[in-house]
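Colleague: The following block contains the structure, expressed as structure tokens.
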Amino acid sequence: MPLPAFLLVSMRQAHHQLTVFSSQGRSLYEFTRELRDWVSSTDIQVGMLTVFIQHTSASLLIQENADPTVRADLERFLARLVPDGDPIFQHRQEGPDDMSAHVRTALTQIYLVIPVVGGAPVLGTWQGVFLYEHRYEPQRRKVLLHLIGE
Amino acid sequence: MPLPAFLLVSMRQAHHQLTVFSSQGRSLYEFTRELRDWVSSTDIQVGMLTVFIQHTSASLLIQENADPTVRADLERFLARLVPDGDPIFQHRQEGPDDMSAHVRTALTQIYLVIPVVGGAPVLGTWQGVFLYEHRYEPQRRKVLLHLIGE
Amino acid sequence: MPLPAFLLVSMRQAHHQLTVFSSQGRSLYEFTRELRDWVSSTDIQVGMLTVFIQHTSASLLIQENADPTVRADLERFLARLVPDGDPIFQHRQEGPDDMSAHVRTALTQIYLVIPVVGGAPVLGTWQGVFLYEHRYEPQRRKVLLHLIGE
Chain A
1 MPLPAFLLVS
11 MRQAHHQLTV
21 FSSQGRSLYE
31 FTRELRDWVS
41 STDIQVGMLT
51 VFIQHTSASL
61 LIQENADPTV
71 RADLERFLAR
81 LVPDGDPIFQ
91 HRQEGPDDMS
101 AHVRTALTQI
111 YLVIPVVGGA
121 PVLGTWQGVF
131 LYEHRYEPQR
141 RKVLLHLIGE
Chain B
1 MPLPAFLLVS
11 MRQAHHQLTV
21 FSSQGRSLYE
31 FTRELRDWVS
41 STDIQVGMLT
51 VFIQHTSASL
61 LIQENADPTV
71 RADLERFLAR
81 LVPDGDPIFQ
91 HRQEGPDDMS
101 AHVRTALTQI
111 YLVIPVVGGA
121 PVLGTWQGVF
131 LYEHRYEPQR
141 RKVLLHLIGE
Chain C
1 MPLPAFLLVS
11 MRQAHHQLTV
21 FSSQGRSLYE
31 FTRELRDWVS
41 STDIQVGMLT
51 VFIQHTSASL
61 LIQENADPTV
71 RADLERFLAR
81 LVPDGDPIFQ
91 HRQEGPDDMS
101 AHVRTALTQI
111 YLVIPVVGGA
121 PVLGTWQGVF
131 LYEHRYEPQR
141 RKVLLHLIGE
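Residue numbers (the numbering used here), protein chains in the order written: chain A, 1 to 150; chain B, 1 to 150; chain C, 1 to 150.
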């Protein structure tokens with residue numbers, strides 16, 4: 001008895017490179033909508049989504065997206081915790097925000113993993129997905145999206 | 001020559017929503033056993049397990065589970081690093097533990113990824129899986145489990 | 001009409017246990033080459049790679065691998081942020097680096113997730129994969145690699 005064809009080809013993968021332009025320099029840039037749109041375009045209903053940033057001076061973060069003061073407070077906290085131009089830093093070729101950007105990245109994340117159910121990432125009501133630019137100057141950041149599922 | 005049927009359907013997924021009640025408020029709550037039990041119930045032997053918390057003021061953490069002083073010390077460290085009611089915080093609608101909970105979450109993780117081998121997460125001898133509640137009051141926290149494998 | 005056989009068996013998994021010897025004690029140890037070699041050996045072209053360390057006093061980190069002062073600066077920063085032998089720590093059976101190693105691990109990561117495209121992890125130009133040993137003494141650290149893809 002032949003098995004239905006969809007069993008044979010059901011599990012599959014998709015990947016896509018997204019560019020996020022951090023136009024204002026150091027700040028948080030939400031790209032939840034771009035992420036949802038891409039997941040939706042793959043037609044994968046259930047799976048596992050990975051978001052990976054190919055840099056070491058910018059982070060990915062899932063945070064509260066309703067009240068912008070959360071991001072402002074987080075930035076103030078990190079600016080105090082990891083002082084730009086800290087005299088203990090020797091790596092400063094690209095300015096006072098060079099090494100602090102690496103440390104901020106080490107203390108946060110450069111990849112996110114989010115289950116997909118019902119064709120969408122299972123983000124909670126208040127969760128948004130952000131690129132956190134740690135350099136002062138605007139940058140074009142490459143973010144790789146990968147989804148495996150069916 | 002027909003291929004054996006198990007090849008056709010071997011790779012599959014399972015997902016489940018777990019609720020963890022942080023009954024004592026700010027503290028670490030181990031749910032390693034619930035996680036192992038659910039993985040075991042799926043009958044998936046080899047795969048990749050994702051644990052994702054749908055909130056921005058509680059974390060997931062894999063830590064030493066033998067000596068409870070590790071968790072007490074970690075809490076003392078974070079309480080000093082991220083002071084509740086810090087005057088630099090403007091987001092304080094829900095009290096002095098509101099913004100500090102967001103910062104603690106940003107500095108830790110809201111998802112875990114653990115390979116599964118032999119029908120169980122490959123945790124080391126001393127590794128336990130915890131929900132880290134950062135708010136003072138008890139909360140019901142939604143944790144999504146996702147497993148892909150065969 | 002029969003479907004081609006490669007559809008039936010294309011999605012698959014591989015896993016491997018790697019041992020990283022932190023021969024100089026507290027420091028960062030790059031193992032990007034070992035990781036690339038293992039991915040290459042699986043013949044999986046597109047997939048999702050998980051790297052998981054089965055310990056709670058050493059981390060995994062993706063960081064700048066060109067200039068060694070980045071790692072030295074990161075270590076100086078963490079040594080100041082999480083003082084060894086901090087009087088607030090009660091868990092000190094194994095010495096002043098015992099609890100600080102757990103805190104450093106909580107503030108960084110014990111697993112990495114990296115998409116694989118073209119038979120290789122999609123690391124950026126300056127990204128290297130490191131084991132971050134937080135104990136003073138050399139240790140043999142078990143790192144589990146898992147790859148799912150096709």
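Don't be surprised by glycine CBs; every beta carbon is placed ideally from N, CA and C.
Can you pull the DSSP bridge partners for residue 129 of chain A?
Modeller: Partner(s): A/62.
Colleague: What's the call for residue 6 of chain C, buried or exposed, on a 16-neighbour Cβ count within 10 Å?
Modeller: With a pLDDT of only 43 at residue 6 of chain C, under 50, the local geometry of the prediction cannot be trusted, and no value is derived from it.
Colleague: Does the Cβ-Cβ distance between residue 98 of chain C and residue 57 of chain C come in under 9 Å?
Modeller: Yes.
Colleague: Would the beta-carbon of residue 37 of chain C fall within 9 Å of that of residue 119 of chain C?
Modeller: Not closer than 9 Å, so no.
Colleague: Of the residues that make up the stretch 93-120 of chain B, which ones have a beta carbon closer than 8 Å to any beta carbon in chain C?
Modeller: Here the close residues are 107, 108, 109, 112, 113, 114, 115, 117.
Colleague: Going by Cα to Cα distance, which pick from A/139, A/148, A/150 is closest to residue 20 of chain A?
Modeller: Comparing Cα-Cα distances from residue 20 of chain A to each of A/139, A/148, A/150, the minimum goes to A/139.
Colleague: Please classify residue 88 of chain C: is it buried, with 16 or more other beta-carbons within 10 angstroms of its beta-carbon, or exposed?
Modeller: Answer is exposed; the Cβ neighbour count stays below 16.
Colleague: Determine, for residue 63 of chain B, whether the minimum Cβ-Cβ distance to residues of chain C falls below 9 Å.
Modeller: Residue 63 of chain B counts as touching chain C.
Colleague: Output, in chain order, the set of chain A residues within a Cβ distance shorter than 7 Å of residue 89 of chain B.
Modeller: Chain A residues near residue 89 of chain B: 73.
Colleague: Quick test of the definition: if touching needs 3 or more C-beta pairs under 8 Å, does the stretch 49-69 of chain A touch the stretch 101-115 of chain A?
Modeller: Yes: the two stretches touch, three or more of their Cβ pairs being nearer than 8 Å.
Colleague: Helix, strand or coil: which one does DSSP assign to residue 156 of chain C?
Modeller: In this structure chain C extends from 1 to 150, so residue 156 of chain C is not present and cannot be described.
Colleague: Between the stretch 125-140 of chain B and the stretch 61-70 of chain A, are three or more C-beta pairs nearer than 8 Å?
Modeller: With the cut-off at 8 Å, the stretch 125-140 of chain B and the stretch 61-70 of chain A do not touch.
Colleague: Using 10 angstroms around the beta-carbon of residue 71 of chain A, count the other beta-carbons present and answer buried if the total reaches 16, otherwise exposed.
Modeller: So residue 71 of chain A ends up on the buried side.
Colleague: Would you tell me roughly how many angstroms separate the C-alpha atoms of residue 3 of chain B and residue 11 of chain B, rounded to the nearest one?
Modeller: For residue 3 of chain B, the predicted model reports a pLDDT of 49, less than 50, meaning its position is unreliable; a value from the coordinates is still stated below. The straight-line gap from Cα to Cα measures roughly 15 Å.
Colleague: Using CA atoms only, rank isn't needed, just tell me which of B/54, B/100, B/46, B/29 is closest to residue 76 of chain A.
Modeller: The residue with the shortest Cα to Cα distance from residue 76 of chain A is B/100.
Colleague: Do residue 114 of chain C and residue 123 of chain C have their C-beta atoms closer together than 9 Å?
Modeller: Result yes, Cβ atoms of residue 114 of chain C and residue 123 of chain C sit closer than 9 Å.
Colleague: Per DSSP, residue 46 of chain A forms a beta bridge with which residues?
Modeller: Residue 46 of chain A is not bridged to any residue.
Colleague: Would you report the Cα separation of residue 55 of chain C and residue 137 of chain C, rounded to the nearest angstrom?
Modeller: Distance between the alpha carbons of residue 55 of chain C and residue 137 of chain C: 15 Å.
Colleague: Tell me the rounded alpha-carbon separation between residue 166 of chain B and residue 142 of chain B.
Modeller: This structure cannot settle anything about residue 166 of chain B, because the visible part of chain B is limited to 1 through 150.
Colleague: Using three-state DSSP, classify residue 19 of chain A as helix, strand or coil.
Modeller: Residue 19 of chain A: strand per DSSP, three-state reduction.
Colleague: Looking at chain C, is there any beta carbon in it that lies within less than 9 Å of the beta carbon of residue 55 of chain A?
Modeller: With 9 Å as the cut-off, residue 55 of chain A counts as an interface residue toward chain C.
Colleague: In whole angstroms, what separates the C-alpha of residue 22 of chain C from that of residue 29 of chain C?
Modeller: So the two alpha carbons sit approximately 7 Å from each other.
Colleague: Along chain B, which residues have their Cβ under 7 Å away from the Cβ of residue 127 of chain A?
Modeller: Within chain B, the residues near residue 127 of chain A are 54, 56.
Colleague: What does DSSP give as the partner residue(s) for residue 27 of chain C in the beta ladder?
Modeller: Looking at the DSSP assignment, residue 27 of chain C forms a beta bridge with C/133.
Colleague: Which residue's Cα is closest to the Cα of residue 33 of chain B: B/18, B/46, B/24, B/47?
Modeller: Out of B/18, B/46, B/24, B/47, B/18 has the C-alpha closest to the C-alpha of residue 33 of chain B.
Colleague: Could you tell me whether the Cβ atoms of residue 150 of chain C and residue 13 of chain A are closer together than 9 Å?
Modeller: Closer than 9 Å, so yes.
Colleague: Given a threshold of 16 other Cβ atoms within 10 Å of its Cβ, counted over all protein chains shown, does residue 135 of chain C qualify as buried or as exposed?
Modeller: Buried is the call here.
Colleague: From the beta carbon of residue 77 of chain C, is the nearest beta carbon of chain A less than 9 Å away?
Modeller: By this cut-off, residue 77 of chain C is an interface position.
Colleague: Just the Cα atoms here: how many angstroms apart are residue 1 of chain C and residue 45 of chain C?
Modeller: Low confidence applies here, because residue 1 of chain C scores a pLDDT of 49, under 50, leaving its location unreliable and the question unanswered by this model.
Colleague: Flag residue 81 of chain A as yes if its beta-carbon sits less than 9 Å from any beta-carbon of chain D, otherwise no.
Modeller: No chain D appears in this structure, whose protein chains are A, B and C.
Colleague: Would you tell me roughly how many angstroms separate the C-alpha atoms of residue 96 of chain B and residue 90 of chain B, rounded to the nearest one?
Modeller: Their backbone Cα atoms lie some 10 Å apart in a straight line.
Colleague: Answer yes or no: does any C-beta atom of chain A fall closer than 9 Å to that of residue 69 of chain C?
Modeller: Yes, residue 69 of chain C counts as interfacial toward chain A.
Colleague: Would you please verify whether the beta carbon of residue 133 of chain C is less than 9 Å from any beta carbon of chain A?
Modeller: No, because no Cβ of chain A sits closer than 9 Å to the Cβ of residue 133 of chain C.
Colleague: DSSP three-state call for residue 104 of chain A: helix, strand or coil?
Modeller: Here residue 104 of chain A sits in helix by DSSP.
Colleague: Near residue 144 of chain C, which residues of its chain fall below 7 Å by C-beta distance, leaving aside the five closest residues on each side in sequence?
Modeller: So the qualifying residues of the chain are 15, 17, 52, 54.
Colleague: Could you have a look at residue 4 of chain C and say whether DSSP puts it in helix, strand or coil?
Modeller: Note that residue 4 of chain C scores 47 on pLDDT, short of 50, meaning its location in the model is unreliable; the coordinates nonetheless yield the value given after this. Reduced to three states, the DSSP call for residue 4 of chain C is coil.
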